[in-house]
Amino acid sequence: MAMPETVSATASVAPWSGPDPGRRRRTTWPQWGLWLMALAAAAGAVATTVANEGLNGLETPNGLKFLVGLAFAGSGLYAWGRRPDNRLGPLMAAVGCLYLLAQILVQAHAAALFTAGVWLSDAWVVVFVAFLLAFPDGRVTERFDLVVIGMFALMAFPLELAWLLFWTTGGSPENTLAAWPNDTVAGNIDSAQRALVVVASVVLAIALARRWALASPPLRRALVPILVGAVAILLGSVLVALDKFQIEFPTARWAVFAAYVAIPLVVLGGILRSRLARSTVGDLFVELRADPSPAELRDALARTLRDPSLSLAYWLPQFRSWSDLDGRPVEMPTDGGGRATTMVDRQGEHVAALIHDPALADEPELLDAVSAAAGIAIENGRLHVELRARLEELRGSRSRIIEAGQKERQRLERNLHDGAQQRLIALSLELSLLEQELGPDADAGLRLSQARREIATSLGELREVARGLHPAVVTGHGLAVALEQLTARAPVPVRLTVAIDERLPEQVEVAAYYLVSESLVNTAKHARATSVSVDVSRTNDQAVVEVVDDGIGGADTEHGTGLRGLADRVEALGGRLRVWSPSGGGTRVRAEIPCAS
Amino acid sequence: MRVVIAEDSVLLREGLTQLLGTNGLEVVGSCATADDLLLKVRSYSPDVVIVDIRLPPTHNDEGLRAALEIRAHHPDVGVLVLSQYVEVGLAMKLLADSAEGAGYLLKDRISDVEEFIAAVERVATGGSAIDPIIVSTLLTRQREDDPLAALTRREREVLELMAEGRSNQGIADKLVLSLRAVEKYVSSIFGKLGLPSSGRDSRRVLAVLLYLRS
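First to last, the sequence lines map onto chains L and E. Sequential numbering of the first sequence, starting at 43, is according to this note's numbering. Sequential numbering of the second sequence, starting at 334, is according to this note's numbering.
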């Protein structure tokens, strides 16, 4: 049983306190500035292309490059504004802005700006790689990931700078950094850069493919654009490498271009889906109106959150424990166990917890909306489950009490059997040996014989006491054997049918024995019956015991007939006892006791 | 006559050994568990074993199971089961399809020395010994139409003793009647109950018990 303190500590998602409208959904001034810059840069890129090459210039991937920047910048800024807590937005915005910035700068006529543009021309790739590796939580934590990013950064910044030191444009604008113009050295550095990018891209693609393979199904769906991104980078780097040998694949270039445009839009869609998914919260409201059972509530929540593995745990304050839908204690997942937990609180107290796929933790708004919508239903469900837990506990304690009583009586019977009864028999035997020694006519012999009869009477009485304590024959030899004696001794003719060959659990046999015994006593005392039938059978996993008489009926099932005690015994075993006793119509007692085999 | 005893109470085991010894029976082995009993039956091939129905380790049905096993695998060894409770169902289980060389008595009976020794000897020689409680339970059992009502008092007494496993001579001695009178009663009883008369005493025991039980 997990205590609440532990649970709070191990929950992978902090308790969700509710939306903060002041902090969310507001575009900040820096974001407005970046929006303006991105749009201006895109417009500038289009204008420059048209000015240089006419409208035809827009029909090549080169001419349309601004679309890539715009897609990243726009998607990123939009996501950033809507979901400030998600770092993918700013990352995408950075990719787009760097991309557009370099585009704009290389179009400049001023040599310094042009040179800066060339130097920064691949900077966006570094951020893009970081974005891919940071998906979906926007953080890069693994050392390996940092190494991959570092490889790209090495290519984009120091090597690019080194290349600029030797490279000449051979015209205007000039490369202002060309300190030692040398085409051979520049060419070698360029080749090294292209090779390094191919290697880095392969490593990146493998790393992301592995991440995809290890992900849970909901996360896999979300990772698809990332995988596409890795493939695009790989393909792009190969194309650039082949470009060195004047080999070109126009179709592949278009594909890479299309992928770059599509990725930010798809990721934005994923981020916004949690907003769109909130419309399904409306359906949830409709379902909740039908006052769902805890199981139906769980299904509805799983559908709304699109997580079939979702489970609900209820906090039961009286038991200081978490419970499943049936009132049984449940362990909360611990950190790193592959499951995440979201608390549903009301008035500052835990009510329930959603245990779900960690990928859902990326959609706190959805979780929030769902738990808010389902709040009352969850609270109802908790009361429901609490009741079940109490019933479960009650049933448990009743069966423990009866079992303890049973064990105690069994122990007493054993003690009598092995103790007093054996000693009395041995004593009686000793007396008869003495009697034999004294011979038939001795006066003492007569008195010994008298004493022996006294002992026999005591033994008879003890036997009855022992039988009343515990029916040892049931335990030793089974229900069928024990019932035969019971019915043979009954004061009313009994037809006995036992249609069970195998032994049943001891508790069940003893309960069935007492049921028949008590019913036969009742029949003899009250029913004025001329015959009784006792049937014991088994259907599926239930033992069925039925005692039917043809007496006057009208048995008082509530008071004094011992039926209440029998019902307790049967119910403690999870079974049920029913009595039909219409006036003048005989009495029928039927017990159904579960007995898993 | 060679006897093996299986009884886990030392007091009773010793008492029984002494009782049988002073009455001319030879106790060739005594033990406290069912496994030991089976071992001793194999090694000593006794005429009869006396076995407590409740034996270690569980004190449930070890004794009865050992008794049934001896009856199945050593049909020439008589088996007398002793118990602190006697039950119709257990008697029927022990006899199964033959009362030959089988006995089932309340433990208290051992203090009635003469009767007990007679019962042991009967079981040892292929006869039977059924406890009077079993027989009277069956005889007094309530029936919807009671064929026993047609029997005279004396006939009921004879039937009772017959069901306990006694021979006609034994019944004659017990009731102080002539052997011929007993034979007459027996054939009258069999006629009234519609039972086929049978030769051996033990065979008629089972016939009567099965009849009374049905």
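Positions of the beta carbon are idealized from the N, C-alpha and C atoms, including for glycine. If you're wondering where the values come from, they're calculated on a predicted model, not measured in any experiment.
Exposed unless 16 or more other CB atoms sit within 10 angstroms - verdict on residue i
i	result
I522 (chain E)	buried
E184 (chain L)	exposed
A405 (chain E)	exposed
W74 (chain L)	exposed
V337 (chain E)	buried
S335 (chain L)	exposed
T48 (chain L)	Unreliable placement is indicated for T48 (chain L), whose pLDDT of 32 sits below 50; the coordinate value is still reported in the next sentence. Result: exposed.
G502 (chain L)	exposed
E373 (chain L)	exposed
E447 (chain E)	exposed
D164 (chain L)	buried
V241 (chain L)	exposed
L494 (chain E)	buried
E329 (chain L)	buried
P306 (chain L)	buried
Short Cβ contact (9 Å threshold) for residue i with residue j
i	j	result
L545 (chain E)	V468 (chain E)	yes
E490 (chain E)	D464 (chain E)	no
L525 (chain L)	V558 (chain L)	yes
L498 (chain L)	D368 (chain E)	It is Ala, not Leu, that sits at residue 498 (chain L) in the sequence shown. The answer is no: Cβ separation not under 9 Å.
A419 (chain L)	L339 (chain L)	yes
F186 (chain L)	V168 (chain L)	no
A264 (chain L)	P178 (chain L)	yes
G596 (chain L)	S623 (chain L)	yes
R335 (chain E)	E359 (chain E)	yes
V361 (chain E)	L370 (chain E)	no
A342 (chain L)	L326 (chain L)	yes
P400 (chain L)	G380 (chain L)	yes
A339 (chain E)	G411 (chain E)	no
V578 (chain L)	A585 (chain L)	yes
A614 (chain L)	R440 (chain L)	yes
L157 (chain L)	N98 (chain L)	Note that residue 157 (chain L) is Thr in the sequence shown, not Leu. Their beta carbons are not under 9 Å apart, which means T157 (chain L) does not touch N98 (chain L) by this criterion.
G617 (chain L)	E634 (chain L)	yes
G609 (chain L)	D591 (chain L)	Looking at the sequence provided, one finds Ala at residue 609 (chain L) rather than Gly. Not a contact, by the Cβ cut-off of 9 Å.
D534 (chain E)	S511 (chain E)	no
E560 (chain L)	R632 (chain L)	no
Y418 (chain E)	R505 (chain L)	yes
Proximal chain L residues relative to residue i, where beta-carbon distance stays under 7 Å
i	result
V421 (chain E)	E526, Q527 and A530
Y544 (chain E)	Result: empty, since nearest Cβ-Cβ is about 14 Å, beyond 7 Å.
R474 (chain E)	A530
Which listed residue (the options) has its alpha carbon closest to that of residue i
i	options	result
I542 (chain L)	L:P535, L:A522, L:E526 and L:Q549	L:A522
S625 (chain L)	L:T539, L:I594 and L:R632	L:I594
S243 (chain L)	L:Q145, L:W296, L:R262 and L:V171	L:V171
L433 (chain L)	L:L155, L:L490 and L:G369	L:G369
D552 (chain E)	E:Y518, E:A462 and E:S547	A query on residue 552 (chain E) cannot be resolved here, the shown segment of chain E reaching from 334 to 547 and no further.
I467 (chain L)	E:T355, E:I443 and E:Q351	E:I443
A403 (chain L)	L:N128, L:V550 and L:V110	L:N128
G118 (chain L)	L:D583, L:M385 and L:F173	L:F173
N94 (chain L)	L:Q492, L:W77 and L:Q149	L:Q149
A365 (chain E)	E:R536, E:P389, E:E454 and E:K525	E:P389
G459 (chain E)	E:A429, E:D394, E:D409 and E:A505	E:D409
Y120 (chain L)	L:E588, L:A80, L:A154 and L:V540	L:A80
G159 (chain L)	L:L147, L:L175 and L:A152	L:L147
K107 (chain L)	L:W166, L:L155 and L:A153	L:W166
Chain L contact residues for residue i, given Cβ-Cβ distances below 8 Å
i	result
S342 (chain E)	D460, Q464 and A468
E477 (chain E)	P535, T572 and S573
Partner residues on chain E for residue i, Cβ-Cβ distance less than 9 Å
i	result
L471 (chain L)	L344, L345, G348, L349, Q351, L352, I443, S444 and V446
A514 (chain L)	R387, H392, N393, Q417 and Y418
R494 (chain L)	S444 and D445
Interface partners of residue i on chain E, CB under 8 Å
i	result
L522 (chain L)	According to the sequence shown, residue 522 (chain L) is Ala rather than Leu. Within chain E, the residues near A522 (chain L) are G422.
Proximal residues of chain L, C-beta to C-beta of residue i below 9 Å
i	result
T355 (chain E)	L475, Q478 and E479
L548 (chain E)	Residue 548 (chain E) lies beyond the residue range present for chain E, which begins at 334 and ends at 547; the question has no answer from this structure.
Per-residue contacts from residue i into chain E (C-beta, under 7 Å)
i	result
T517 (chain L)	N393
Count the CB pairs spanning the stretch 382-399 of chain L and the stretch 350-357 of chain L that are closer than 8 Å, and state whether there are at least three.
-> yes
Are the stretch 282-301 of chain L and the stretch 229-237 of chain L in contact at 8 Å, needing three or more beta carbon pairs?
-> yes
Taking contact to mean at least 3 C-beta pairs separated by less than 8 Å, is the stretch 420-435 of chain E in contact with the stretch 442-462 of chain L?
-> no
Would you call the stretch 465-480 of chain E and the stretch 517-535 of chain L in contact, with 3 or more CB pairs under 8 Å?
-> yes
Is it a yes or a no for the stretch 203-211 of chain L touching the stretch 248-256 of chain L, going by three-plus beta-carbon pairs under 8 Å?
-> no
Are the stretch 266-277 of chain L and the stretch 296-304 of chain L in contact at 8 Å, needing three or more beta carbon pairs?
-> yes
Examine the Cβ distances between the stretch 137-156 of chain L and the stretch 104-124 of chain L and report whether three or more of them are shorter than 8 Å.
-> yes
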